[in-house]
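Counting with the numbering used here, you get residues 1294 to 1964 for the letters of the sequence shown.
Every residue gets a Cβ at the ideal spot worked out from N, C-alpha and C, and that includes glycine.
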Amino acid sequence: MVINYKKLNPNGFYLLKYLNDETIRFIILYGGSSSGKSYSVAQTILIQTLQDGENTLVMRKVGASILKTIYEDYKVAAAGLGISHLFKFQQNTIKCLVNGAKIDFSGLDDPEKIKGISNYKRVQLEEWSEFEHPDFKQLRKRLRGKKGQQIICTFNPISESHWIKKEFIDKDKWHDVPMTVTIAGKELPKELTKVKSVKKNAPRQILNLRTKQIEEQAPNTVIIQSTYLNNFWVVGSPDGTYGFYDEQCVADFEYDRVHDPDYYNVYALGEWGVIRTGSEFFGSFNRGKHSGEHKYIPDLPIHISVDNNVLPYISVSYWQVDFTTGIKVWQFHETCAESPNNTVKKSSKLVAKYLKDIRYSDKVYLHGDASTKAANSIDDEKRSWMDLFIDTLQKEGFEIEDKVGNKNPSVAMTGEFINAIFDCTVPGIEIYIDESCSVSIEDYMSVQKDANGAILKTKVKNKTTLQTYEEHGHLSDTFRYVVVDLCSEQYIEFSNRRKRNLYACNGTINFFNPDTECKYTKKILYVMPNVNGKFVLIQAFRCGNKWHVVDVVFMDTTSTEDIRSSILSHESDSCVIECTDAYFPFIRELRSSTNKEIRVMKEFPDVDKRIAATSDYVKNSILFSASKVESDTEYVAFMNNLMDYNKDSETKEASAVLSGLIQFVVKLGLN
């Protein structure tokens, strides 16, 4: 059979070579968009069908999409080769009229097709990345019984955490092979066979079950990577005599190369990575600018940050910080402890092993999720997950300083803070990620933002174990924890002066200057003894038509002695206590021991409604203390709680008390 070479792309020449090589079991074509992968496969399988009379099964994950996609490619390819008259095109089948061979089309959702694939010489998996790993393993096992059976896979690479990369590519060793193709005893010109790369896997030593001898199995997989630059129907043929130069397509790729390098790298060049959607949580993270070579420096201490979700893995990121000039923070390593290492003891042993491997013997600073400090039932002594993690590291000989807070910082706020650092709008702070931290980088680029600005942790289901888990966001959480801890002062300043939510006036929270002398005409304490287990007190002084929140108490306590002490130690003209009937005896006793005016208000039945009704008053008439924000931890906690509020949030203690104060002020005409 004679085919005009001017009908084929480089991919087509390689396919003709390897489809006729019985040592090759897997032919993998991947790369960028418009590289001609699927079309070249269609061309060459049609040619092979005419030549060898063998059957082929073409599969996609879902059968419904076949007729409008890959089946159409085969029809167009046959017409382009001038061989349509040699085939009969039926629904889901193309029959060769010369030798009776068939090319069948099926989705993986047709189980009968999978059972009978041993009758086929070739199976093509179109859009291979849509298949699950168990799907591929099942197909591999069932394609047997004929010499030289092959699986041809085409796909565009996406996430670096995809099973194809982790389970198929990364578990083998690969070497480049010459980009040469010989057809009919003649080597084709190099310009006709140039693609981005051609690789084969390494030979394997296997036991021959019949002879009981160890034999060397030749490489059985070839991977061909191509891009639009290797498609003669996008950039034209090397000699300019055939193909087509698509000026608009090339210009479009060039625009992406200049304006969106990450997108270009994945979509055009076919590299592993993430195509961004525009709603990323770390939207300002730019892989080109913020990742590179940022290695471990032995003279600096190591900070590790931990998230204890066990699926898909326990997440540990390793960081260092240099305070010499400003603050330079970088991640240099990651541990993703997958099953069977996704337990507290096994994951901490992996951490210890890595630290020993790099000969680290100084103090380890430990950051992470506050919930890991809660007592649990997995240990007889009811120790927390973090206690067990620390205990293991200590037994391995490391000194640990626990930097994990009692409460996690706001998810939305920390995201804004880190994005602002990436945007260079927080002076003096830089963050970088070492390129070796590929899972972390993929997570930082992939994780999405929800409607409230927090991380959208989309759940996925493992088809084998049937376990449901959050695919992305756990390494991103470790990122947030450590950056906030290392840049705590800057974070507090940023969070209290940034553009805010419900209480922002013209984009910012309003503050008063405590160094400016004010003539206060009214002084009020507003108290709620128990809001979700917290005792909250606001000390507010009236200055003109504004109210200054001069001090707060924000405590995890229900002790009436603590409440009494705080009320008596704060100056006021009157004290308003909003509470349930259970506190009435305490209030009667309090009135008998002080000259303060003590008023009582029953708990408001719908706090969210009151908060919404009073939010404009906060924007326009409430000022907060700039000095307290910088120096008082309870005031800072109050402000964070206040600014984290939204109507669906459990974080409402500060907003509840502030709205009560405003309701009281307005009711008495003090506004």
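Are residue i and residue j close, meaning C-beta to C-beta below 8 Å?
i, j, result
"F1772", "Y1737", "yes"
"I1904", "Y1928", "no"
"W1623", "I1726", "yes"
"K1284", "T1514", "One cannot answer for residue 1284 here, as it falls past the ends of the chain, which runs 1294 to 1964."
"L1916", "N1803", "yes"
"E1484", "T1473", "no"
"I1396", "R1318", "no"
"S1867", "R1892", "yes"
"L1301", "Q1336", "yes"
"T1349", "R1415", "yes"
"V1829", "E1943", "no"
"L1360", "C1389", "no"
"T1707", "V1609", "no"
"L1604", "Y1762", "yes"
"K1489", "G1324", "yes"
"G1581", "I1722", "no"
Spell out the partners DSSP gives residue i in its beta bridges.
i, result
"C1542", "Its beta-bridge partners do not exist; DSSP assigns none."
"S1867", "I1817 and E1890"
"Q1417", "V1351 and I1445"
"H1468", "K1493"
"A1747", "Answer is none; A1747 lacks a bridge partner."
"H1626", "Y1611"
"K1742", "I1748"
"C1872", "K1895"
"F1461", "The partner list for F1461 (beta bridge, DSSP) is empty, contrary to what the question assumes."
"H1596", "W1612 and Y1658"
"V1824", "K1827"
"D1909", "Partner(s): none; D1909 has no beta bridge."
"L1916", "H1841"
"I1338", "Paired residues: none, contrary to the question."
"K1621", "D1615 and E1723"
"E1484", "None; E1484 has no bridge partner."
"Y1762", "V1753"
"K1479", "I1476"
Looking at the C-beta of residue i, does it have a partner C-beta in chain D at a distance below 8 Å?
i, result
"P1482", "No chain D is present in this structure, which holds just one protein chain."
Out of the options, which one is the CA nearest neighbour of residue i?
i, options, result
"L1562", "G1441, E1573, K1902 and N1523", "N1523"
"F1448", "G1826, A1357 and K1458", "K1458"
"I1321", "Q1518, N1302, K1434 and L1502", "Q1518"
"S1731", "K1439, F1429, E1453 and P1427", "E1453"
"K1310", "F1424, V1491 and R1881", "V1491"
"N1392", "L1339, L1830 and Y1557", "L1339"
"N1755", "H1426, V1958, V1824 and F1398", "H1426"
"S1886", "Y1556, I1860, Q1344 and A1477", "I1860"
"T1685", "T1665, V1697 and K1638", "K1638"
"R1569", "K1381, G1953 and I1451", "I1451"
"G1438", "H1455, Q1384, K1839 and S1411", "S1411"
"Q1442", "V1559, Y1538, V1567 and N1313", "N1313"
"A1357", "A1371, G1400, Q1384 and Y1364", "G1400"
"F1546", "E1564, Y1521 and C1836", "Y1521"
"S1331", "V1959, S1781 and C1446", "C1446"
"W1421", "K1434, G1409 and H1455", "H1455"
"D1373", "G1324, K1299 and T1850", "The identity of residue 1373 in the sequence shown is Gly, whereas the question assumes Asp. Nearest C-alpha to G1373: K1299."
"E1786", "L1749, V1820, T1718 and I1734", "T1718"
"K1688", "H1863, A1663, K1642 and R1580", "K1642"
"V1599", "A1663, T1617, F1931 and V1551", "A1663"
May I ask which residues mark the beginning and end of the beta strand (DSSP E) holding residue i?
i, result
"V1846", "K1839 to M1848"
"F1319", "F1319 to G1324"
"G1400", "K1395 to G1400"
"F1525", "F1525 -> not in any beta strand (DSSP E); alpha helix (DSSP H) instead, spanning F1525 to V1528."
"Q1383", "F1380 to Q1383"
"Q1518", "T1514 to S1519"
"T1386", "T1386 to C1389"
"Y1725", "I1722 to D1727"
"Q1510", "I1507 to Q1510"
"E1694", "I1693 to D1695"
"T1316", "No beta strand (DSSP E) contains T1316, which DSSP labels as neither H nor E."
Identify the continuous alpha helix (DSSP H) that holds residue i and give its terminal residues.
i, result
"R1580", "R1580 to H1583"
"L1830", "Element bounds for L1830: not the alpha helix (DSSP H) but the beta strand (DSSP E), K1827 to C1836."
"Q1956", "E1946 to K1960"
"T1853", "T1853 to S1862"
"Y1364", "I1363 to L1374"
"K1639", "V1637 to D1650"
"G1708", "V1704 to F1715"
"I1802", "Premise fails: I1802 is in no alpha helix (DSSP H) and is neither H nor E."
Q) Taking the runs of the alpha helix (DSSP H) that are 4 residues or longer, which of them lie wholly in the segment 1660-1690? A) 1678-1688
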